[in-house]
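Throughout the sequence shown, residue numbering follows the numbering used here, covering 7 to 302 in sequence.
Here a beta-carbon is modelled for each residue, glycine too, at the ideal position from N, C-alpha and C.
Encoded as structure tokens, the structure appears first; notes follow it.
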Amino acid sequence: MQVTRLLCGGFVLAFRFNHIMCDAQGIVQFLSAVGELARGLPAATVSPAWSRELLEARDPPEPTFPHHEYDPVPPSRRPLPPPGEMVTRTFNFSPANVAALKKSLPSHLRDTATTFDVVAASIWRARTAALEVPPDEDARLAFPVTFRHVCELGLPAGYYGNAFVLPMAVAPAEALRSGSSLGDAVELVREAKKAAASAAEFVRSTADLLALRGRPPPAMGNLFTVSDNRHVGFDRLDFGWGEPVYGGSASPMSWLSFLVAVRNGGDGEDAIAVPVMLPQPAMDRFASDLKSLLSI
């Protein structure tokens, strides 16, 4: 952890952690405890709990779902350059932007698609086109889905380890780039979410698959991951000076972006910030496509 004091009197608290130990909600639990102690509480209100044995594979392992997130796939013929040769830019989605995206969907999706559905699908389509992914390759969109709330798994309050699955939507790059609509991409996102909604069984199926295949790496070919951090709690951490102006990841990765809750502009309306990392030519195309999409 590192604290940087600013001339204005504020400060920046930065930290790094090993993802094998905990996930975003786990690190928020730890930082919340630090904040409580800093504010003078005698002990953290939530005690840490380590119960990883509750998430072990069944005996014998019996996967019951297809898990495209662990499919063995070849690397893309157009691999991304090293991060040092890429640029980062943050794109804001206002409530009006989100409403316009939902309004553009087919009628059966307008009232059922979530904000995450439309934002993730929009970024996935624009990114696939901007990177000019070969049309005969598949593009993949993964997103973490927490299962802390699933009573059937019996995780104790205070469990801080990883508690998410990674459902994946897969589509031919050619279709995403030019042959499909935003509604089609939203349908793919919702279909992937539907499998994870099986909750306990999907979690156990994932554990069984990992046990059978010796913990295979995720399918990284043309992979883009979107993590929705709006409700994790980074924006509510309090170390004695009140809630932060910003709470979240310092930067995206080439294959990973976040949805972060922010205040947009001078009127302070709630908005969603999405940091994206791309090569400069692709970033120019991405920004242009997204601008056109948000002007619908």
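What is the DSSP secondary structure of residue i, counted as helix, strand or coil?
{"i": "Val18", "result": "strand"}
{"i": "Val238", "result": "coil"}
{"i": "Tyr165", "result": "strand"}
{"i": "Met92", "result": "coil"}
{"i": "Asp117", "result": "coil"}
{"i": "Ser298", "result": "helix"}
{"i": "Arg146", "result": "strand"}
{"i": "Val156", "result": "coil"}
{"i": "Pro140", "result": "coil"}
{"i": "Val124", "result": "helix"}
{"i": "Phe71", "result": "coil"}
{"i": "Val176", "result": "strand"}
{"i": "Val195", "result": "helix"}
{"i": "Leu86", "result": "coil"}
{"i": "Phe245", "result": "coil"}
{"i": "Ala49", "result": "coil"}
{"i": "Ala55", "result": "strand"}
{"i": "Val79", "result": "coil"}
{"i": "Met27", "result": "coil"}
{"i": "Arg133", "result": "helix"}
Starting from residue i, follow its DSSP beta bridges and name the residues at the other end.
{"i": "Gln8", "result": "Ala20"}
{"i": "Asn98", "result": "Ala279"}
{"i": "Ser233", "result": "Phe264"}
{"i": "Met226", "result": "Per DSSP, none; premise fails for Met226."}
{"i": "Ala202", "result": "DSSP output for Ala202 lists no bridge partner at all."}
{"i": "Ala106", "result": "Partner(s): none; Ala106 has no beta bridge."}
{"i": "Leu284", "result": "Val93"}
{"i": "Met259", "result": "Leu262"}
{"i": "Val251", "result": "According to DSSP, which records beta bridges pairwise, Val251 is partnered with nothing at all."}
{"i": "Val209", "result": "Paired residues: none, contrary to the question."}
{"i": "Phe170", "result": "Thr152"}
Who are the near neighbours of residue i in its chain, counting only those whose CB is closer than 7 Å to its CB and skipping five residues on each side?
{"i": "Gly41", "result": "Leu243, Asp244 and Phe245"}
{"i": "Gly220", "result": "none"}
{"i": "Pro281", "result": "Thr94, Thr96, Ser257, Pro258, Ser263 and Phe264"}
{"i": "Thr152", "result": "Gln31, Ala169 and Phe170"}
Closer than 8 Å by C-beta to residue i: which residues in its own chain qualify, once you throw out the five before and the five after it? Chain order, please.
{"i": "Ser82", "result": "Val139, Pro140, Glu143, Gly227 and Asn228"}
{"i": "Arg269", "result": "Glu275, Asp276 and Ala277"}
{"i": "Arg84", "result": "Leu137, Glu138, Val139 and Pro140"}
{"i": "Glu207", "result": "Thr70 and Phe71"}
{"i": "Arg236", "result": "Leu265, Val266, Ala267 and Ile278"}
For residue i, which residues of its own chain have a beta-carbon under 6 Å away from its beta-carbon, when the five flanking residues on both sides are left out?
{"i": "Ser255", "result": "Phe264"}
{"i": "Phe122", "result": "Asp234"}
{"i": "Pro222", "result": "Tyr76"}
{"i": "Ala63", "result": "Ala213, Asp214 and Ala217"}
{"i": "Phe149", "result": "Val232"}
{"i": "Arg45", "result": "Gly246"}
Just to check my reading of the structure: residue i and residue j have Cβ atoms closer than 8 Å, yes? What is that Cβ distance to the nearest angstrom?
{"i": "Trp56", "j": "Gly167", "result": "7 Å"}
{"i": "Arg183", "j": "Thr231", "result": "With 8 Å as the limit, Arg183 and Thr231 do not qualify as a contact, their Cβ atoms being about 19 Å apart."}
{"i": "Pro67", "j": "Asp214", "result": "4 Å"}
{"i": "Asp295", "j": "Phe170", "result": "Not really, about 29 Å apart at Cβ, beyond 8 Å."}
{"i": "Ala177", "j": "Leu194", "result": "6 Å"}
{"i": "Pro283", "j": "Met259", "result": "In the sequence as presented, Pro is not what sits at residue 283; that position holds Met. Met283 to Met259, Cβ: 6 Å. Contact."}
{"i": "Leu299", "j": "Val192", "result": "Their Cβ separation, rounded to whole angstroms, is 13 Å, which puts Leu299 and Val192 out of contact at 8 Å."}
{"i": "Val156", "j": "Ala205", "result": "5 Å"}
{"i": "Ala132", "j": "Phe292", "result": "5 Å"}
Would you call residue i buried or exposed, if buried means 16 or more other Cβ atoms sit within 10 Å of its Cβ?
{"i": "Lys108", "result": "buried"}
{"i": "Trp247", "result": "exposed"}
{"i": "Phe17", "result": "exposed"}
{"i": "Asn24", "result": "exposed"}
{"i": "Thr70", "result": "exposed"}
{"i": "Leu172", "result": "buried"}
{"i": "Met174", "result": "buried"}
{"i": "Val124", "result": "buried"}
{"i": "Asp241", "result": "buried"}
{"i": "Val251", "result": "exposed"}
{"i": "Ser53", "result": "exposed"}
{"i": "Val9", "result": "exposed"}
{"i": "Leu37", "result": "buried"}
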